[in-house]
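Asker:
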Amino acid sequence: MAFLEEVEESANLQRPVCVFCLVNFSKYKCPRCDINYCSLNCYKSQSHSHCSESFYKDCVLEELSVTKGSVDGKKKMIEILSQMNNEEKQEEEEESVLNEINTDSDDIWRKLNKREKSTFLQMYNSGTLAELVVTTPPWWAGPGIQVLGDKERELPLIYSDIPQLNSLVKVVSSDVPNNIINIIYCYIYVYKYYNNDIHDLPLQAIKTLLEISSVLSENSSFSTVQEAIDHPIGLINNIPDLFNSHQYSLLLINDLLLLINGSSLNGHYYISLCLSDIINIIDKSREILKKEREDKILRQKLTVLHKKLIFLLSWTSENHEDIKSLIPCIRMLIH
Numbered sequence: 001m002a003f004l005e006e007v008e009e010s011a012n013l014q015r016p017v018c019v020f021c022l023v024n025f026s027k028y029k030c031p032r033c034d035i036n037y038c039s040l041n042c043y044k045s046q047s048h049s050h051c052s053e054s055f056y057k058d059c060v061l062e063e064l065s066v067t068k069g070s071v072d073g074k075k076k077m078i079e080i081l082s083q084m085n086n087e088e089k090q091e092e093e094e095e096s097v098l099n100e101i102n103t104d105s106d107d108i109w110r111k112l113n114k115r116e117k118s119t120f121l122q123m124y125n126s127g128t129l130a131e132l133v134v135t136t137p138p139w140w141a142g143p144g145i146q147v148l149g150d151k152e153r154e155l156p157l158i159y160s161d162i163p164q165l166n167s168l169v170k171v172v173s174s175d176v177p178n179n180i181i182n183i184i185y186c187y188i189y190v191y192k193y194y195n196n197d198i199h200d201l202p203l204q205a206i207k208t209l210l211e212i213s214s215v216l217s218e219n220s221s222f223s224t225v226q227e228a229i230d231h232p233i234g235l236i237n238n239i240p241d242l243f244n245s246h247q248y249s250l251l252l253i254n255d256l257l258l259l260i261n262g263s264s265l266n267g268h269y270y271i272s273l274c275l276s277d278i279i280n281i282i283d284k285s286r287e288i289l290k291k292e293r294e295d296k297i298l299r300q301k302l303t304v305l306h307k308k309l310i311f312l313l314s315w316t317s318e319n320h321e322d323i324k325s326l327i328p329c330i331r332m333l334i335h
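Using UniProt numbering, read the sequence shown as starting at 1 and increasing by one per residue.
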């Protein structure tokens with residue numbers, strides 16, 4: 001076996017590498033320029049277009065010359081070739097424009113013509129701009145595991161080491177259920193704001209969460225569920241980058257009801273999964289700050305929040321029904 005591997009390795013060393021991708025060994029040789037390539041994609045690459053396009057053109061012309069088809073058939077073939085050529089030119093023009101524009105929003109705005117600017121402003125003012133963003137259903141919108149095509153949308157992992165509540169505190173405030181509602185509502189808003197990508201942007205997501213949840217940022221406490229939801233909605237109204245519309249903020253209460261009511265196929269309540277997910281985001285953010293040696297104050301704050309979320313998760317695991325009992329009060333907020 002070792003001998004065969006050695007022979008194969010020796011053979012590979014003698015084989016030339018594909019000139020275009022510089023990764024795979026070549027399997028073919030261009031009949032026009034004698035360059036080695038590994039696949040059709042590499043043969044059709046931009047750097048080899050002078051050969052590949054001429055080759056295809058010659059093939060088509062040869063087919064036209066030997067085919068005894070009708071004049072209409074030949075005419076149709078020419079139309080197809082002309083259309084392909086026009087599409088290629090259009091793609092090159094679009095690519096050229098994109099290359100001239102950097103990611104600065106002011107620069108992009110300057111590149112738009114009057115009609116494009118007017119259309120953008122109309123969509124922005126009408127709230128239809130968000131419709132251009134492709135969204136995916138959040139993890140709480142469906143049964144325990146919902147199938148999307150051939151893939152499963154996974155639920156957040158439950159925190160693996162939930163302590164007993166009596167090992168953490170002796171007396172618990174009656175405001176705890178309302179405070180958890182506040183955190184969950186804010187989590188939902190942030191989750192949707194980042195289009196379900198909070199784990200790709202954990203630090204940004206947790207900072208946004210702290211902006212709108214005073215339970216997390218200022219250790220606030222709410223005596224009613226209405227206060228717990230109204231407060232972040234009021235904060236969001238005054239943050240232009242976050243604000244969508246007041247109606248949108250109220251619509252997310254439906255998501256709140258879904259999440260409170262939900263449970264996974266293996267018996268975990270969605271509330272516990274939500275709190276576990278926040279802990280996960282906090283821990284990822286702490287690692288980022290530690291690695292980059294930045295914002296020591298925020299890192300310390302996140303350490304405290306980690307402990308607070310552990311307490312709330314412990315309380316939820318033993319008192320889940322107390323939160324579900326708030327559902328009628330929550331429903332009244334959207335009617």
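Don't be surprised by glycine CBs; every beta carbon is placed ideally from N, CA and C.
Between which two residues does the alpha helix (DSSP H) holding residue 274 run?
Answerer: Your numbering for residue 274 matches position 274 in the sequence shown. Residues 270 to 292.
Asker: Which of the three DSSP states is assigned to residue 245 in this structure?
Answerer: For the purposes of this step, residue 245 is taken as residue 245 along the sequence shown, with counting starting at 1. In the structure shown, residue 245 sits in coil (DSSP, three-state: anything other than H, G, I, E or B).
Asker: Can you tell me the Cβ-Cβ gap for residue 257 and residue 309, rounded? I've got them flagged as a contact below 8 angstroms.
Answerer: Your numbering for residue 257 matches position 257 in the sequence shown. Your numbering for residue 309 matches position 309 in the sequence shown. About 22 angstroms; that fails the 8 angstroms criterion.
Asker: For the alpha helix (DSSP H) containing residue 122, name the first residue and the last one.
Answerer: Position 122 of the sequence shown, counted from the start, is the residue given in the question as residue 122. Residue 122 -> alpha helix (DSSP H) spans 114 to 126.
Asker: Tell me the DSSP bridge mates of residue 225?
Answerer: Position 225 of the sequence shown, counted from the start, is the residue given in the question as residue 225. Looking at the DSSP assignment, residue 225 forms no beta bridge with any residue, so it has no partner.
Asker: I think residue 305 touches residue 282, with their Cβ atoms under 8 angstroms apart; what is that distance to the nearest whole Å?
Answerer: Your numbering for residue 305 matches position 305 in the sequence shown. Your numbering for residue 282 matches position 282 in the sequence shown. About 6 angstroms separates the two Cβ atoms, so the contact holds.
Asker: Going by Cα to Cα distance, which pick from 117, 225, 158 and 171 is closest to residue 185?
Answerer: Sequence index remark: in the sequence shown, residue 185 carries index 185 (1-based). It is 225.
Asker: Taking all protein chains shown into account, do 16 or more other C-beta atoms lie within 10 angstroms of the C-beta of residue 200, making it buried, or fewer, making it exposed?
Answerer: Against the sequence shown, residue 200 aligns to sequence position 200. The residue is exposed, with fewer than 16 neighbouring Cβ atoms inside 10 Å.
Asker: Check residue 320 in the structure and name its three-state DSSP category.
Answerer: As a position in the sequence shown, residue 320 is number 320, starting the count at 1. Looking at residue 320 - three-state DSSP - the assignment turns out to be helix.
Asker: Name the residue from 156, 44, 155 and 229 whose alpha carbon lies nearest to the alpha carbon of residue 330.
Answerer: Looking up residue 330 in the sequence shown gives position 330. When only C-alpha atoms are compared, the closest one is 229.
Asker: Report buried or exposed for residue 190, applying the criterion of at least 16 other Cβ atoms within 10 angstroms of its Cβ.
Answerer: Start at 1 with the first residue of the sequence shown, and residue 190 comes out as number 190. Residue 190 is buried by the Cβ-count criterion.
Asker: Assuming residue 156 contacts residue 280 (C-beta within less than 8 angstroms), just tell me the rounded distance between them.
Answerer: The count along the sequence shown starts at 1 and reaches residue 156 at position 156. The count along the sequence shown starts at 1 and reaches residue 280 at position 280. Contact flag correct, Cβ pair sits at about 7 angstroms.
Asker: At the level of alpha carbons, what is the spacing between residue 139 and residue 262?
Answerer: Against the sequence shown, residue 139 aligns to sequence position 139. Against the sequence shown, residue 262 aligns to sequence position 262. Those two C-alpha atoms are separated by around 10 angstroms.
Asker: Determine which residues share a DSSP beta bridge with residue 364 and list them.
Answerer: Outside the shown range of the chain, which is 1 to 335, sits residue 364, and nothing can be said about it.
Asker: Report buried or exposed for residue 208, applying the criterion of at least 16 other Cβ atoms within 10 angstroms of its Cβ.
Answerer: Numbered from its first residue, the sequence shown carries residue 208 at position 208. Residue 208 comes out buried.
Asker: Helix, strand or coil: which one does DSSP assign to residue 174?
Answerer: Within the sequence shown, the letter at position 174 stands for residue 174. If DSSP states are grouped into helix, strand and coil, residue 174 belongs with coil.
Asker: Using a Cβ-Cβ cut-off of 6 angstroms (strictly less than) and excluding sequence neighbours within five positions of residue 27, which residues of its own chain qualify?
Answerer: On the sequence shown, residue 27 is found 27 positions in, with the first residue counted as 1. Contacts found: 38.
Asker: With a cut-off of 8 angstroms on the beta carbons, I'd call residue 121 and residue 188 a contact; round off their distance for me.
Answerer: Your numbering for residue 121 matches position 121 in the sequence shown. Your numbering for residue 188 matches position 188 in the sequence shown. About 29 angstroms separates the two Cβ atoms, so there is no contact after all.
Asker: Hey, residue 210 and residue 288: beta-carbon distance below 8 angstroms or not?
Answerer: Taking the first residue of the sequence shown as 1, we reach residue 210 at position 210. Taking the first residue of the sequence shown as 1, we reach residue 288 at position 288. No, the Cβ-Cβ distance between residue 210 and residue 288 is not below 8 angstroms.
Asker: Classify residue 231: buried if its beta carbon has 16 or more other beta carbons within 10 angstroms, exposed otherwise.
Answerer: The residue given as residue 231 occupies position 231 in the sequence shown. Label assigned to residue 231: buried.
Asker: Taking the alpha carbon of residue 20 as the reference point, which residue from 43, 29, 34 and 32 has its own alpha carbon closest?
Answerer: Counting from one through the sequence shown, the residue named residue 20 turns up at place 20. Ranking 43, 29, 34 and 32 by Cα distance to residue 20 puts 43 first.
Asker: With C-beta atoms as the reference, is residue 302 less than 8 angstroms away from residue 285?
Answerer: Residue 302 sits at position 302 when you count from the first residue of the sequence shown. Residue 285 sits at position 285 when you count from the first residue of the sequence shown. Yes; because the gap between Cβ atoms is below 8 angstroms, this pair is in contact.
Asker: List the DSSP bridge partners of residue 17.
Answerer: If you number the sequence shown from 1, residue 17 lands on position 17. Residue 17 pairs with 25.
Asker: Could you tell me the distance, in whole angstroms, from the CA atom of residue 163 to the CA atom of residue 317?
Answerer: Locating residue 163 in the sequence shown gives position 163, where the first residue counts as 1. Locating residue 317 in the sequence shown gives position 317, where the first residue counts as 1. Residue 163 and residue 317: Cα-Cα distance of roughly 10 angstroms.
Asker: Please state whether the Cβ-Cβ distance between residue 212 and residue 180 is less than 8 angstroms.
Answerer: Your numbering for residue 212 matches position 212 in the sequence shown. Your numbering for residue 180 matches position 180 in the sequence shown. No, they are not a contact pair.
Asker: Three-state secondary structure (DSSP) at residue 263?
Answerer: Your numbering for residue 263 matches position 263 in the sequence shown. DSSP places residue 263 in strand when its eight states are reduced to three.
Asker: Looking at residue 183: is its Cβ nearer than 8 angstroms to the Cβ of residue 215?
Answerer: The count along the sequence shown starts at 1 and reaches residue 183 at position 183. The count along the sequence shown starts at 1 and reaches residue 215 at position 215. Yes; because the gap between Cβ atoms is below 8 angstroms, this pair is in contact.
Asker: Excluding sequence positions up to five away, which residues of its chain have a Cβ less than 6 angstroms from the Cβ of residue 311?
Answerer: Along the sequence shown, one-based indexing puts residue 311 at 311. If we look at residue 311 and ignore the five residues flanking it on each side, its Cβ neighbours are 168.
Asker: Under a three-way DSSP split, which group does residue 328 fall into?
Answerer: Residue mapping note: residue 328 aligns to position 328 of the sequence shown, counting from 1. Reduced to three states, the DSSP call for residue 328 is helix.
Asker: According to DSSP, is residue 169 part of a helix, a strand, or is it coil?
Answerer: The sequence position of residue 169 within the sequence shown is 169, counting from 1. Of the three classes helix, strand and coil, the one that applies to residue 169 here is coil, per DSSP.
Asker: Can you tell which of 175, 125 and 116 has its C-alpha closest to the C-alpha of residue 319?
Answerer: Your numbering for residue 319 matches position 319 in the sequence shown. If we check each option's Cα against that of residue 319, 175 comes out closest.
Asker: Would you identify the three-state DSSP class for residue 211, choosing helix, strand or coil?
Answerer: Within the sequence shown, residue 211 is the residue found at index 211, counting from 1. Reduced to three states, the DSSP call for residue 211 is helix.
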